[in-house]
């Protein structure tokens, strides 16, 4: 006589208050990650002064997080296929709390930059996966609600960041712009683990484009260092800036060639063949670039040259 192996029992789809609570907690994770892109902007002079570095060096606190996120986001598809979108999201959610704590405990600029890079690495997958999970937990007929919730948290975060950052920095210290997120992210992540327990989280065989990832890190890293250090070193009159420019240009060209010929590219550049997508992506990039430049440079200029406070 043979015995059939019972399939693992899956939880029923979320409904009612459980669905609402899970959706809000998923949106909260996205909000925290987006908030972190701008919350430190107005605190750069204060952080720089506390750590004994210049304000220009202090801007690396923002750069480190943004670059780490930019490198991790293309990996999200592979991570979700390999380990499951839900598992990756929850792991990053809870890790975000732990790394935020380490950021606040940093006592030197190198230590803080290392923690900010780590924060960007664990925060990068949260934004795209939050949208995926919201569409997964909501019934098909209510998918619009998930999209609206995701869009709201994505738009409110960058606006709220400088306001909250300024108030916290002036009131209780720059460390608390990181500490304030610890209990929120930890509680949100742990509650979500309970709410999503047993929900389907499929995995498939996935391949990672290691060469494409390496080229992406090389050219993005070289370009970012060039842009950050160029003004301090008289741009291309300095040999190191010239080297960075060559590395960025060659790395970018090699990245394009490799990604267009790779079977499983880390960034599918073929989508840019569609004019609508290309126009939308270009508009978004230009708009967000202008917005991000203003919220980084204006607070720094107002505090450094006009003697304004963080608030």
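Residue numbers (the numbering used here): 106 to 416.
Just so it is clear, CB atoms sit at the ideal spot from N, CA and C, and this is done for glycine as well.
Assigned exposure category for residue 164 - 16 Cβ within 10 Å defines buried: Position 59 of the chain shown, counting from 1, holds the residue named residue 164. By the C-beta density criterion, residue 164 is buried, having at least 16 other C-beta atoms within 10 angstroms.
Rounded straight-line distance, which links the Cα of residue 299 to that of residue 161: Position 56 of the chain shown, counting from 1, holds the residue named residue 161. Position 194 of the chain shown, counting from 1, holds the residue named residue 299. The alpha-carbon atoms of residue 161 and residue 299 are separated by roughly 44 Å.
Nearest-angstrom Cβ-Cβ length linking residue 275 and residue 143, presumed shorter than 8 Å: What you label residue 275 is simply residue 170 of the chain shown in a count that begins at 1. What you label residue 143 is simply residue 38 of the chain shown in a count that begins at 1. No, residue 275 and residue 143 are not in contact; Cβ-Cβ is about 16 Å, not under 8 Å.
Backbone secondary structure at residue 215 - three-state DSSP: Taking the chain shown and counting its residues from 1, the one referred to as residue 215 is at position 110. Here residue 215 sits in helix by DSSP.
Identity of the residue in 251, 232, 411, 124 nearest residue 240 by Cα: As a first step, residue 240 must be located in the chain shown, where it is residue number 135. With distances taken between Cα atoms, residue 240 lies closest to 251.
Selected residue, minimal CA-CA separation from residue 288, among 265, 120, 133: Mapped onto the chain shown, residue 288 falls at position 183. Each of 265, 120, 133 was checked against the Cα of residue 288, and the nearest Cα belongs to 133.
Chain-order list of residues whose beta-carbon lies under 7 Å from that of residue 193 (same chain, five-residue window excluded): Position 88 of the chain shown, counted from the start, is the residue given in the question as residue 193. Within the same chain, residue 193 has close Cβ partners 184, 185, 230, 234.
Distance CB(residue 139)-CB(residue 322) smaller than 8 Å: Along the chain shown, one-based indexing puts residue 139 at 34. Along the chain shown, one-based indexing puts residue 322 at 217. Not closer than 8 Å, so no.
Residue 151, buried or exposed, once every other Cβ within 10 Å from all chains shown has been counted against 16: The count along the chain shown starts at 1 and reaches residue 151 at position 46. Under this definition residue 151 is a buried residue.
Cβ pair residue 137, residue 201 closer than 8 Å: As a working mapping, residue 137 is identified with position 32 in the chain shown. As a working mapping, residue 201 is identified with position 96 in the chain shown. Result yes, Cβ atoms of residue 137 and residue 201 sit closer than 8 Å.
Run of the alpha helix (DSSP H) containing residue 170, from where it starts to where it stops: What you label residue 170 is simply residue 65 of the chain shown in a count that begins at 1. In the DSSP annotation of this structure, the continuous segment of the alpha helix (DSSP H) that includes residue 170 starts and ends at 165-177.
Residues of its chain near residue 190, where Cβ-Cβ distance is below 7 Å and the 5 sequence neighbours each way are ignored: In the chain shown, residue 190 corresponds to position 85, counting from 1. Exclusion of the five residues before and after residue 190 leaves 234, 237, 238, 306 as the residues of its chain whose Cβ lies within less than 7 Å of its Cβ.
Other residues of its chain near residue 55: CB distance less than 8 Å, five sequence neighbours each side excluded: With the chain represented from 106 up to 416, any question about residue 55 goes unanswered, as that position is not in the structure.
Pick from 264, 385, 294 that is closest to residue 126, judged by C-alpha positions: As a working note, residue 126 is residue 21 in the chain shown. When each option's Cα is compared against that of residue 126, the closest is 294.
Residue 312 - DSSP class collapsed to helix/strand/coil: Locating residue 312 in the chain shown gives position 207, counting from the first residue. The three-state reading of DSSP puts residue 312 in coil, since its state is none of H, G, I, E or B.
Residue nearest to residue 263 in terms of C-alpha spacing, selected from 135, 243, 408: Here the question's residue 263 lines up with position 158 in the chain shown. Ranking the options by Cα distance to residue 263, first place goes to 135.
Cβ distance (whole Å) where residue 372 is taken to contact residue 244 below 8 Å: Taking the chain shown and counting its residues from 1, one reaches residue 372 at position 267. Taking the chain shown and counting its residues from 1, one reaches residue 244 at position 139. Actually they are not in contact, since the Cβ atoms of residue 372 and residue 244 sit about 32 Å apart, beyond 8 Å.
Beta-carbon spacing of residue 172, residue 225 below 8 Å: Walking along the chain shown from the start, residue 172 turns up at place 67. Walking along the chain shown from the start, residue 225 turns up at place 120. In this structure, residue 225 lies closer than 8 Å to residue 172 by Cβ.
Length of the line joining the Cα atoms of residue 327 and residue 216: The residue you call residue 327 lines up with position 222 of the chain shown. The residue you call residue 216 lines up with position 111 of the chain shown. Cα-Cα distance, rounded: 21 Å.
Cβ neighbour criterion (16 or more within 10 Å) applied to residue 381: By one-based count along the chain shown, residue 381 stands at place 276. Result: exposed.
Assigned secondary structure, residue 285 (DSSP; H/G/I helix, E/B strand, else coil): Here residue 285 refers to the residue found at position 180 of the chain shown. It is coil, neither helix nor strand.
Status (buried if at least 16 other CB within 10 Å, exposed otherwise) for residue 369: Residue mapping note: residue 369 aligns to position 264 of the chain shown, counting from 1. So residue 369 ends up on the exposed side.
Min CB distance residue 374 to chain B below 8 Å: Going by chain labels, chain B is absent from the structure shown, which holds only one protein chain.
Beta-carbon contacts of residue 267 that lie in its chain and below 8 Å, excluding the five residues immediately before and after: Within the chain shown, numbered from 1, the residue matching residue 267 stands at position 162. Result list for residue 267: 143, 144, 146, 147, 400, 404, in chain order.
Of the listed residues 154, 198, 412, nearest to residue 297 (C-alpha basis): Residue numbering aside, residue 297 sits at position 192 when the chain shown is read from its first letter. Ranking 154, 198, 412 by Cα distance to residue 297 puts 198 first.
8 Å Cβ cutoff met for residue 314 and residue 246: Translated into positions along the chain shown, residue 314 becomes position 209. Translated into positions along the chain shown, residue 246 becomes position 141. It is not a contact, given that the beta carbons lie outside the stated cut-off.
Residue 220 burial status per 10 Å Cβ neighbour count (16 or more: buried): Along the chain shown, read from residue 1 onward, the residue named residue 220 stands at position 115. Classification of residue 220: buried, given that the 10 Å Cβ count is 16 or more.
Buried versus exposed call for residue 383 [16 or more other C-beta atoms within 10 Å across all chains shown]: By one-based count along the chain shown, residue 383 stands at place 278. Residue 383 comes out exposed.
Extent of the continuous alpha helix (DSSP H) to which residue 257 belongs: Here residue 257 is taken as the residue at index 152 of the chain shown, counted from 1. Run containing residue 257: 248-277, per the alpha helix (DSSP H) assignment.
Residue 245, DSSP secondary structure in three states: Here residue 245 refers to the residue found at position 140 when the chain shown is read from its first residue. The answer is helix: DSSP assigns residue 245 an H, G or I state.
Option in 218, 124, 123, 174 with minimal Cα separation from residue 149: Stepping through the chain shown from its first residue, residue 149 is reached at position 44. The shortest C-alpha separation from residue 149 is found at 218.
Residue 337 - DSSP class collapsed to helix/strand/coil: Position 232 of the chain shown holds residue 337. Residue 337 falls in the helix class under three-state DSSP.
Straight-line gap, residue 195 to residue 332 (C-alpha atoms, nearest Å): As a first step, residue 195 is located in the chain shown; it is residue number 90 there, counting from the start. As a first step, residue 332 is located in the chain shown; it is residue number 227 there, counting from the start. Approximately 34 Å, taken between the alpha carbons.
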